[in-house]
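Inspection log for the structure reproduced underneath, given as structure tokens.
Shown next, in the form of structure tokens:
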């Protein structure tokens, strides 16, 4: 008897052409849990977030689109990361988010 391991037999009918079945989760994905699909009317779009922030913060300048969009996505529950040069307004995003959600969403219906 030989002590060498045997090579598995070659399958004469491989199933390369057979599509694989996809598994469908019965519960929502963990990556979407906690994401708010509907925000209050006042902050329902990035444009409305921008308007609300300009009103609530009484800024003497307009918040940029990327700032409003970042705040909007964070209010929905997404994580965010911003990379920008010094002086472009990254800190303003933290100030915008530090407002309580009731101040942003319900202060001015």
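Residue numbers (the numbering used here): 891 to 999. Glycine included, each C-beta is placed from N, C-alpha and C at the ideal position. This one's a predicted model, so the numbers in the text were calculated from it and none came from an experiment.
For residue 936, the enclosing alpha helix (DSSP H) begins and ends at 936 to 947.
Across the set 972, 935, 942 and 952, the C-alpha of 942 shows the shortest separation from the C-alpha of residue 989. The C-beta distance from residue 966 to residue 925 rounds to 6 angstroms, short enough to meet the 8 angstroms contact threshold. Sequence-distant Cβ neighbours of residue 936 in its own chain, meaning closer than 6 angstroms and more than five residues away, are 958, 959 and 962. The three-state reading of DSSP puts residue 984 in helix, counting H, G and I together. Rounded to the nearest whole angstrom, the C-alpha separation of residue 982 and residue 954 is 10 angstroms.
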